[in-house]
Amino acid sequence: MAGVVKLTGEYGQKALKLLADITAILEAHHIPYVVDAGTLLGIVRENRLLPWDTDMDLSITANYASQLMKLRWIIWKAGYRAKIKYYKRDLGLFKKGMPRLMRISCRKFFFFKDVNLMDIFIKYLVDDEYCWVHTNDNPTLKFYPRHFYEEMTSYEFNGKSYSFPSDYIGYLTYHYGDWQTVKKQWNSLHDDTVKKVYLKPSQPEN
Numbered sequence: 003m004a005g006v007v008k009l010t011g012e013y014g015q016k017a018l019k020l021l022a023d024i025t026a027i028l029e030a031h032h033i034p035y036v037v038d039a040g041t042l043l044g045i046v047r048e049n050r051l052l053p054w055d056t057d058m059d060l061s062i063t064a065n066y067a068s069q070l071m072k073l074r075w076i077i078w079k080a081g082y083r084a085k086i087k088y089y090k091r092d093l094g095l096f097k098k099g100m101p102r103l104m105r106i107s108c109r110k111f112f113f114f115k116d117v118n119l120m121d122i123f124i125k126y127l128v129d130d131e132y133c134w135v136h137t138n139d140n141p142t143l144k145f146y147p148r149h150f151y152e153e154m155t156s157y158e159f160n161g162k163s164y165s166f167p168s169d170y171i172g173y174l175t176y177h178y179g180d181w182q183t184v185k186k187q188w189n190s191l192h193d194d195t196v197k198k199v200y201l202k203p204s205q206p207e208n
């Protein structure tokens with residue numbers, strides 16, 4: 003959701019390297035994750051990152067959020083910048099100051115940010131579902147059955163093993179409906195088929 007360049011050419015190669023590097027760091031520090039959303043879709047359906055996508059998505063559960071935040075220096079040493087994004091106001095079940103995601107970008111000239119290429123979303127358990135807020139002018143709670151983030155399998159892609167939901171076909175069906183049909187124009191707020199609750203409109207959160 004955060005990117006501004008498409009994952010093709012030079013940035014496609016940077017994205018593949020970042021995906022391998024960041025997931026290796028998570029694995030080394032025993033932080034379970036799943037490849038999520040359009041990144042999962044592209045790998046399963048087309049064995050590639052979707053060339054019209056602009057970033058990659060991973061998800062972790064909130065009980066690993068504090069461990070994730072401790073990895074910023076390790077991620078920096080690997081050649082990337084990591085920034086924690088917090089909820090800036092109360093949004094339904096979520097309170098101001100709770101961590102929402104980690105945004106990872108490449109670096110250029112050592113210190114400077116290049117482009118955002120990955121979001122690691124932090125999903126919170128609410129009863130038997132994991133929940134997060136799609137935050138823009140119309141904040142929206144989105145819910146997923148818990149097994150998609152607690153039951154995992156390994157999936158080989160581009161020479162590396164990645165962590166997927168065990169029922170990744172079920173996940174794609176839940177998230178996209180007819181996921182096998184290519185849809186290059188996609189509104190991530192409205193076009194998915196997940197359970198959602200629209201909250202009171204507010205000012206957008208960056």
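Counting in the working numbering, the sequence shown runs from 3 upward without gaps. Don't be surprised by glycine CBs; every beta carbon is placed ideally from N, CA and C.
- Item | Beta-carbon spacing of R91, A84 below 7 Å | Taking the sequence shown and counting its residues from 1, one reaches residue 91 at position 89. Taking the sequence shown and counting its residues from 1, one reaches residue 84 at position 82. The answer is no: Cβ separation not under 7 Å.
- Query: What residues match up with D121 in a beta bridge as DSSP calls it?
  - Reply: Locating residue 121 in the sequence shown gives position 119, counting from the first residue. The partner list for D121 (beta bridge, DSSP) reads D59, R105.
- Message: Using a Cβ-Cβ cutoff of less than 8 Å, which residues in the same chain neighbour G81 once the five nearest sequence positions on both sides are dropped?
- Response: Sequence index remark: in the sequence shown, residue 81 carries index 79 (1-based). Closer than 8 Å at Cβ, skipping near neighbours: D23, C108, R109.
- Work out the CA separation of K79 and H136 for me, nearest whole Å. Position 134 of the sequence shown, counting from 1, holds the residue named residue 136. Position 77 of the sequence shown, counting from 1, holds the residue named residue 79. Straight-line Cα distance between these residues: approximately 30 Å.
- Task: Count the other C-beta atoms from every protein chain shown that fall within 10 angstroms of the C-beta of T25, then say buried if there are 16 or more, exposed otherwise.
- Result: The count along the sequence shown starts at 1 and reaches residue 25 at position 23. Buried: at least 16 other Cβ atoms inside 10 Å.
- Going by the CB atoms, is the gap between L52 and G40 shorter than 7 Å? Translated into positions along the sequence shown, residue 40 becomes position 38. Translated into positions along the sequence shown, residue 52 becomes position 50. The answer is yes: Cβ separation under 7 Å.
- Message: Quick check on the burial criterion: 16 or more other C-beta atoms within 10 angstroms. Buried or exposed for S2?
- Response: Any property of residue 2 remains undetermined from this structure, which presents the chain solely from 3 to 208.
- What separation, rounded to the nearest whole angstrom, lies between the Cα atoms of F166 and K98? As a first step, residue 166 is located in the sequence shown; it is residue number 164 there, counting from the start. As a first step, residue 98 is located in the sequence shown; it is residue number 96 there, counting from the start. Whole-angstrom Cα-Cα distance: 30 Å.
- Message: On the CB-based measure, 16 or more other CB atoms within 10 Å of its CB, does T142 come out buried or exposed?
- Response: Stepping through the sequence shown from its first residue, residue 142 is reached at position 140. The residue is buried, with at least 16 neighbouring Cβ atoms inside 10 Å.
- Message: Distance check for G94 and D59, CA to CA, integer angstroms please.
- Response: Taking the first residue of the sequence shown as position 1, residue 59 is located at position 57. Taking the first residue of the sequence shown as position 1, residue 94 is located at position 92. Each residue's Cα considered, the two are about 23 Å apart.
- Message: Using only CA atoms, which one of T183, L103, N118, Y126 lies nearest to K16?
- Response: Residue numbering aside, residue 16 sits at position 14 when the sequence shown is read from its first letter. With distances taken between Cα atoms, K16 lies closest to N118.
- Task: Assuming V46 and Y164 form a contact by the criterion Cβ under 8 Å, report the distance between their Cβ atoms to the nearest whole angstrom.
- Result: On the sequence shown, position 44 is the one that residue 46 refers to. On the sequence shown, position 162 is the one that residue 164 refers to. Contact flag wrong, Cβ pair sits at about 11 Å.
- Give me the Cβ distance between Y170 and D194, rounded to the nearest whole Å; I'm assuming they're in contact under 8 Å. Counting from 1 along the sequence shown, the entry for residue 170 is found at position 168. Counting from 1 along the sequence shown, the entry for residue 194 is found at position 192. Contact doesn't hold; Cβ gap of about 16 Å is too wide.
- Query: CB Y126 to CB A67, shorter than 7 Å?
  - Reply: Position 124 of the sequence shown holds residue 126. Position 65 of the sequence shown holds residue 67. No, they are not a contact pair.
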